[in-house]
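Worksheet for the structure shown next.
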Amino acid sequence: MRAAYDVEQIRAAEEPLLKALPEGTLMQRAATALARRCSALLGTVYGARVVVLAGRGNNGADALLAGAQLARRGAHIDIVPTTEAVDADALQRLIEMADLVIDGMVGIGASGGLRGGAVQVARQLAHVDTLVVAVDVPSGVDASTGEVAGVAVRADVTVTFGALKTGLVVAPGAEFVGAIEVVDIGLSLPAADVALLDAEDVGRLLPSPGGETDKYRRGVVGVVAGSDRYTGAAVLAVGGALGTGAGMVRFAGVTHPAELVRQQWPEAVVTVVSPGDGAAVLDAGRVQAWVVGSGLGTDDAAKDIVRAVLGAEVPVLIDADAITVVGEHPEWLRARSAPTVLTPHAGEFARLTGTDREEVEAHRLTLARAAARNLGATVLLKGSTTVIADPSDGVRVNTAHTPYLATAGSGDVLSGICGALLASGLGPLDAASAGAFLHGMAGLVAESVPAAPIRALDLVTHLPAAIRMVRP
């Protein structure tokens, strides 16, 4: 499991080293690693043209020291101080002639967006194809949160020192960093509260059936999804649960979705219920977790179903329409003692929390954490980088994703995957983060198969292959 750290944690880890080592040692280590990476990117250093964008802080000094090392190997170095106004025409000529630009305008301690000459430089860089290497963090990206206030430098490579910074892996900042290289400078780091799961981590989390396993031990998940208008949601959510290996899936829903689930998934146990009959849903049979909301609607009948399911003393995953419902009744969430997972996209999260979609996209990490604490639930905020936050402030960032997951019904499959993992006994943070990873892996497998663009049902088809790829 990879760890990511905020600026405060990095500064605290640097302090004892700065006291123990001769002055300038850490900066020299950083500059040497930066120069080495720039050399590798250039291929031939002698005669290469390099522009160093230098601000006042340590990142500017790192960039200047790296530039000096490249100059000793024969590179032509142009230094552009960015603390004052910059000659736009002169800068344009320099960066158009350059083989590489080193962005050392601001460092990890900066917040609130770029100012002064740095704004103009970032705007000009956005319109050229010159290779850009960011020092520690692209200028304009908040290293702790990934927030971007105004413009930011879009780097091809970010060389970051000491440890991975949280802002480099959370959107929108993650979209500006390019390839990330973490340079060890000798920091002794604490346990991080932001983690990134890799395939090996997910493989360790997944339960493996033993000789005495039966369908109940593997987990029974109940799915309440779909309506006469959104019939496919039921099929996809049940498919996600079955594809993840649930021991049994019980589906409870109105007639038409129930018929389609029977046809598509004969192994599912189907109970037809009348609209709004929450008691009948709970009477469908024993389950170890519920999934509720995909395609359910938001009318009074749907609200009755959601309230009934939230009254069950088992883990509940809330998706899609049910998120809108609980946004109107957050007290239903706060009253629960069993684990709860919510899986909103940005629009649903905005309705849940009374914010707007643009604010959610701009402050994903901050808002997901706040919502998890406020609602007492694990929040899986879907997006270009999916963030999973739990009420105790633990955060995980999904590392398996593809833009092709942005298709109708994809979230319904995800709800079934995470619900199956909850039913298998995983805690809410583990179930949500492992589920997001498997969902992304299924998308990557589907993407690799020469065929038409990915549909949501393709994710179900490729889930077994995704699981095989992560199992130890």
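Everything in the sequence shown is counted per our numbering, starting at 1077 for the first residue and increasing by one. Note that beta-carbon positions come from the ideal geometry of N, C-alpha and C, so glycine has one too. Quantities reported herein were computed from a predicted structural model and do not represent experimental measurements.
In the DSSP annotation of this structure, the continuous segment of the alpha helix (DSSP H) that includes PHE1513 starts and ends at 1504-1524. Here DSSP, grouped into helix, strand and coil, assigns ILE1184 to coil. Judged by beta-carbon spacing, GLY1193 lies within the 8 Å limit of GLU1160, meaning their Cβ atoms are closer than that value. Judged by DSSP secondary structure, PHE1425 falls within the alpha helix (DSSP H) whose first and last residues are 1422-1429. Per the coordinates, the alpha-carbon of GLN1340 lies some 15 Å from the alpha-carbon of ALA1301.
Taking a C-beta distance under 8 Å as the contact criterion, GLY1183 and ALA1139 do not qualify as a contact pair. Under the three-state reduction of DSSP, ALA1447 is assigned to helix. Residue pairing by DSSP puts ASP1154 in a beta bridge opposite VAL1127. DSSP places TYR1081 in the strand class (E or B) of the three-state scheme. Beta-bridge partners assigned by DSSP to ALA1255: VAL1233.
At the C-beta level, VAL1417 and ALA1426 stay beyond 8 Å of one another. With three or more CB-CB distances shorter than 8 Å, the stretch 1250-1269 counts as touching the stretch 1225-1238.
Looking only at SER1350, ALA1317, VAL1325, the smallest Cα-Cα distance to HIS1332 is reached by SER1350. Taking the C-beta atoms as reference points, LEU1207 is found nearer than 8 Å to LEU1117. A direct Cα-to-Cα measurement between LEU1167 and VAL1197 gives close to 8 Å. Here the alpha carbon of GLY1503 sits roughly 20 Å from the alpha carbon of VAL1314. Burial of SER1500 is indicated by the presence of at least 16 other C-beta atoms within 10 angstroms of its C-beta.
Relative to ARG1294, the option among GLY1319, SER1303, THR1462, VAL1536 whose CA is nearest is GLY1319. Out of ALA1448, GLN1200, THR1442, the CA that lies nearest to the CA of ASP1165 is found in GLN1200. Here the C-alpha atom of LEU1372 lies approximately 14 Å from the C-alpha atom of GLY1298. When only Cα atoms are considered, SER1524 and ALA1396 end up about 28 Å apart.
The Cβ atoms of LEU1272 and ALA1096 do not sit closer than 8 Å to each other.
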